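Okay, so here's the structure we're looking at.
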Amino acid sequence: MEPLKPEISYEDFEKVDLRAARILAAEPVPKSSKLVKLRIDIGEERTIVAGIAKDYKPEDLVGKSIVIVANLKPTKLMGVESRGMLLATDAVEGLTLIGFDKPPKTGAKVR
0 MEPLKPEISY EDFEKVDLRA ARILAAEPVP KSSKLVKLRI DIGEERTIVA
50 GIAKDYKPED LVGKSIVIVA NLKPTKLMGV ESRGMLLATD AVEGLTLIGF
100 DKPPKTGAKV R
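Per numbering that gives the first Met the number 0: the sequence shown = residues 0 to 110.
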């Protein structure tokens, strides 16, 4: 297990805007074996880029509900602007996406 990070205040935690997102489309990022470009809906459409290509086929991601960090500053990965970050964790093999046991409202705040 990785060591835990130092404690933060509740006020610091509140700065992170976690949202329920629905994946509308997914495609490989050209010239990358790790990255997938996702078009998501959080009440507005946006694009995020995630390093999950070794664990998920793009076509298997469409329609999934995931948790994203919605208020990260945009960044470019392999020339594609990413406006958020999905949450995932280590699985027995590879990665697993953080999701929901019931379908959430698109764009709902995760608390």
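For each residue, glycine too, the CB sits at the ideal point set by N, CA and C.
All of these numbers come straight from a predicted model, not from anything done at the bench.
- When secondary structure is reduced to three states using DSSP, Pro57 falls in the helix class.
- Distance between Met0 and Ala90, taken at the CA atoms: about 13 Å.
- Taking C-alpha positions only, Lys53 is separated from Pro27 by approximately 11 Å.
- Between Ala49 and Leu34, the C-beta spacing is below 8 Å.
- Met84 is bridged by DSSP to Val68.
- Here Glu13 carries a helix assignment [DSSP, helix/strand/coil].
- Sequence-distant Cβ neighbours of Thr74 in its own chain, meaning closer than 8 Å and more than five residues away, are Glu80, Ser81.
- Given a length threshold of 4 residues, each whole run of the alpha helix (DSSP H) inside the region 1-49 is given here in chain order: 9-13.
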